[in-house]
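Working notes, beginning with the structure itself.
2 protein chains.
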Amino acid sequence: MNPKFFKLSQERQDLIRNSAMTEFGAATFKKTSADSIAKRAGVSKSLLFHYFKDKRELYLYLFQYAIDECMNIFNRHILKAAYFGETDFFRTLEIGHKVKMDMVRRHPGLFRFVMRAYYERDSVLTRGLRKKLDDVLAQSTDQFLSRMDLHKFKDGVDPKVLVRLLTLAAEGMLAETGAYTPEEINRLFSEYKKYADMLRQHLYKEEYL
Amino acid sequence: MNPKFFKLSQERQDLIRNSAMTEFGAATFKKTSADSIAKRAGVSKSLLFHYFKDKRELYLYLFQYAIDECMNIFNRHILKAAYFGETDFFRTLEIGHKVKMDMVRRHPGLFRFVMRAYYERDSVLTRGLRKKLDDVLAQSTDQFLSRMDLHKFKDGVDPKVLVRLLTLAAEGMLAETGAYTPEEINRLFSEYKKYADMLRQHLYKEEYL
DNA sequence: ACCGCCGTTGACCAAATTGGTCAAGACCCC
DNA sequence: GGGGTCTTGACCAATTTGGTCAACGGCGGT
Chain A
0 MNPKFFKLSQ
10 ERQDLIRNSA
20 MTEFGAATFK
30 KTSADSIAKR
40 AGVSKSLLFH
50 YFKDKRELYL
60 YLFQYAIDEC
70 MNIFNRHILK
80 AAYFGETDFF
90 RTLEIGHKVK
100 MDMVRRHPGL
110 FRFVMRAYYE
120 RDSVLTRGLR
130 KKLDDVLAQS
140 TDQFLSRMDL
150 HKFKDGVDPK
160 VLVRLLTLAA
170 EGMLAETGAY
180 TPEEINRLFS
190 EYKKYADMLR
200 QHLYKEEYL
Chain B
0 MNPKFFKLSQ
10 ERQDLIRNSA
20 MTEFGAATFK
30 KTSADSIAKR
40 AGVSKSLLFH
50 YFKDKRELYL
60 YLFQYAIDEC
70 MNIFNRHILK
80 AAYFGETDFF
90 RTLEIGHKVK
100 MDMVRRHPGL
110 FRFVMRAYYE
120 RDSVLTRGLR
130 KKLDDVLAQS
140 TDQFLSRMDL
150 HKFKDGVDPK
160 VLVRLLTLAA
170 EGMLAETGAY
180 TPEEINRLFS
190 EYKKYADMLR
200 QHLYKEEYL
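Order-wise, the sequence lines are chains A and B.
For the first sequence, the positions run 0 to 208 when numbering that gives the first Met the number 0 is used.
For the second sequence, the positions run 0 to 208 when numbering that gives the first Met the number 0 is used.
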């Protein structure tokens with residue numbers, strides 16, 4: 000790809016990346032047209048092919064970018080929690096999901112894009128990239144849990160199951176949301192807190208409430 | 000549409016409907032080609048236009064069909080539970096989700112199709128159909144809860160929130176699943192039970208466990 | 001005023017895909 | 001072989017596709 004792309008202002012880079020991710024996230028690689036990407040970005044198709052030699056190259060770059068962005072966010076939130084010495088399961092997970100939802104506002108389309116890309120049956124994605132995503136996801140939960148104080152849970156509670164449950168809920172809410180306006184994001188987040196609070200109240204031992 | 004369609008064998012009808020729903024569920028109305036539908040069904044494009052005069056007519060029929068199918072399933076599971084005089088929240092919800100997942104096996108693509116159709120920005124869908132879906136969804140939870148014995152819950156537990164949480168989880172699992180093989184469906188269902196069991200164990204009063 | 005550089009574009013292309021038609025094939029029972 | 005039903009391949013004009021290319025406008029330097 001043309002390295003001059005990175006000399007563009009961040010907003011303009013984001014404009015192009017977000018448009019592309021949104022479009023690629025809405026249909027297959029094959030069915031997503033360069034023209035629709037350009038139109039969404041309010042930019043000429045020629046410009047796209049000026050910075051990326053191919054539709055394929057653009058796609059691969061986006062996937063790499065998306066993974067990196069996810070990892071950055073994960074690290075940032077883990078580091079932030081670690082910095083404050085936070086070991087509470089729910090407070091940390093809440094931070095995580097808040098950061099995540101805020102990212103959705105900055106990069107609408109990123110999650111849908113990553114999901115779609117992961118299941119893309121076309122051979123656009125190299126096996127390497129797919130594996131990289133697998134690793135990121137697998138490690139994140141374990142790393143998170145290893146830093147949390149899990150003694151607060153009542154007997155018989157599996158924290159790993161709980162992480163998965165809350166993550167499914169959060170992502171489900173995100174998936175069914177059309178427009179990622181700040182108000183919508185806030186609504187989603189407060190809905191998330193309802194679930195987390197309910198679980199916290201009944202899954203923590205009384206002395207930790 | 001051509002009424003002869005209904006004289007086809009159920010399997011053949013399903014073949015066509017499922018292919019169409021899967022394809023329509025994978026992209027916009029506009030971006031979904033009649034050809035891809037036909038190819039997925041292993042059928043000639045001409046046949047589609049023999050039974051449905053339009054892409055639009057096919058689409059509208061499918062949406063109607065999908066809603067009816069959802070309502071049938073909901074009724075069937077409610078009636079079944081009512082017949083057995085079942086009033087337990089978790090057991091009934093479990094039946095509901097089991098029926099739902101079994102339906103996914105019969106009609107892979109239906110849920111994704113409905114979701115996509117609901118958010119279709121093209122004016123393909125009439126307002127009437129969209130409203131109908133809204134009603135189905137809104138009533139189902141209330142009807143379900145009204146028949147359940149909610150006294151078993153500890154104080155401070157909102158059953159409505161619980162329904163939503165478990166539904167989000169179940170649908171999230173379905174959404175991230177690629178192929179709806181019987182084994183996959185069983186795996187999903189047993190994962191669902193893990194969540195439900197954990198919640199039941201800690202949200203029910205001790206005397207009901 | 002002219003330069004070169006920059007991000008950017010509209011016009012253009014051959015090739016593929018689009019929704020939809022139509023006459024004819026394949027198969028059946030009578 | 002006739003008549004019906006289900007099904008198809010060939011075909012159509014119109015649009016869309018990924019991608020190219022020469023040129024545009026603006027801007028700082030001289």
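Virtual Cβ for every residue (Gly too), placed ideally from N, Cα, C.
For residue i and residue j, I'd like the C-alpha separation in whole angstroms.
| i | j | result |
| --- | --- | --- |
| Ala25 of chain B | Ala37 of chain A | 21 Å |
| Ser8 of chain A | Arg115 of chain A | 28 Å |
| Lys29 of chain B | Asp53 of chain B | 13 Å |
| Thr91 of chain B | Ser189 of chain B | 15 Å |
| Gln63 of chain B | Thr176 of chain B | 25 Å |
| Tyr143 of chain B | Ala137 of chain B | The sequence shown places Phe at residue 143 of chain B, rather than the Tyr named in the question. Using only the alpha carbons, I get a separation of about 11 Å. |
| Gly84 of chain B | Glu170 of chain B | 27 Å |
| Glu68 of chain A | Arg163 of chain A | 21 Å |
| Glu10 of chain B | Lys44 of chain B | 18 Å |
| Tyr179 of chain B | Gly108 of chain B | 9 Å |
| His201 of chain B | Val42 of chain A | 55 Å |
| Asp81 of chain B | Lys130 of chain B | With the sequence shown as reference, residue 81 of chain B is identified as Ala, and Asp is not the correct amino acid for it. In a straight line, the C-alpha of Ala81 of chain B is about 27 Å away from that of Lys130 of chain B. |
| Thr125 of chain A | Val113 of chain A | 14 Å |
| Lys6 of chain B | Gln12 of chain B | 9 Å |
| Ser139 of chain B | Lys193 of chain A | 21 Å |
| Ala33 of chain B | Asp34 of chain A | 21 Å |
| Asn185 of chain B | Thr31 of chain A | 34 Å |
| His106 of chain B | Glu205 of chain A | 46 Å |
| Leu161 of chain B | Asn74 of chain B | 21 Å |
Near residue i, what residues of its chain come up, given a Cβ to Cβ distance below 6 Å and the 5 sequence neighbours on each side ignored?
| i | result |
| --- | --- |
| Ala213 of chain B | Nothing about residue 213 of chain B can be reported from this structure: the residues present for chain B run from 0 to 208 only. |
| His76 of chain B | Ile94, Gly95, Val98 |
| Arg199 of chain B | Phe89 |
| Asn1 of chain A | Tyr50 |
Say whether chain B places a C-beta atom closer than 8 Å to the C-beta of residue i.
| i | result |
| --- | --- |
| Ala40 of chain A | no |
| Gly84 of chain A | no |
| Thr27 of chain A | yes |
| His201 of chain A | yes |
| Glu170 of chain A | yes |
| Val103 of chain A | no |
| Leu164 of chain A | yes |
| Leu187 of chain A | no |
| Lys153 of chain A | yes |
| Val98 of chain A | no |
| Lys159 of chain A | no |
Between residue i and residue j, is the Cβ-Cβ spacing less than 8 Å?
| i | j | result |
| --- | --- | --- |
| Tyr118 of chain A | Leu132 of chain A | no |
| Leu232 of chain B | Ala195 of chain B | In the structure as shown, chain B starts at 0 and stops at 208, and residue 232 of chain B therefore has no counterpart that could be examined. |
| Met20 of chain B | Leu61 of chain B | yes |
| Tyr203 of chain B | Lys153 of chain B | yes |
| Met102 of chain A | Leu187 of chain A | no |
| Val135 of chain A | Ile72 of chain A | no |
| Arg111 of chain B | Pro181 of chain B | no |
Looking only at its own chain, which residues have a Cβ that is under 8 Å from the Cβ of residue i, when we skip the five neighbours before and after it?
| i | result |
| --- | --- |
| Asp148 of chain A | Thr86, Asp87, Phe88 |
| Arg146 of chain A | Ile77, Ala80, Ala81, Thr86, Thr91 |
| Lys3 of chain B | Tyr50 |
If I'm right that residue i touches residue j with Cβ under 8 Å, what's the distance once you round it to whole angstroms?
| i | j | result |
| --- | --- | --- |
| Leu167 of chain B | Leu167 of chain A | 6 Å |
| Phe23 of chain A | Tyr50 of chain A | Phe23 of chain A to Tyr50 of chain A, Cβ: 16 Å. No contact. |
| Lys151 of chain B | Tyr191 of chain B | Not quite, the Cβ-Cβ distance comes to about 20 Å (not below 8 Å), so this is no contact. |
| Asp121 of chain B | Thr27 of chain B | 7 Å |
| Val156 of chain A | Met197 of chain B | 7 Å |
Verify the CB distance criterion: does residue i have a CB-CB separation below 8 Å to chain A?
| i | result |
| --- | --- |
| Ala174 of chain B | yes |
| Leu57 of chain B | no |
| Gly24 of chain B | no |
| Leu136 of chain B | no |
| Leu167 of chain B | yes |
| Val156 of chain B | yes |
If you drop the 5 nearest sequence neighbours on each side, which residues of the same chain put their C-beta closer than 7 Å to that of residue i?
| i | result |
| --- | --- |
| Glu183 of chain A | Thr176 |
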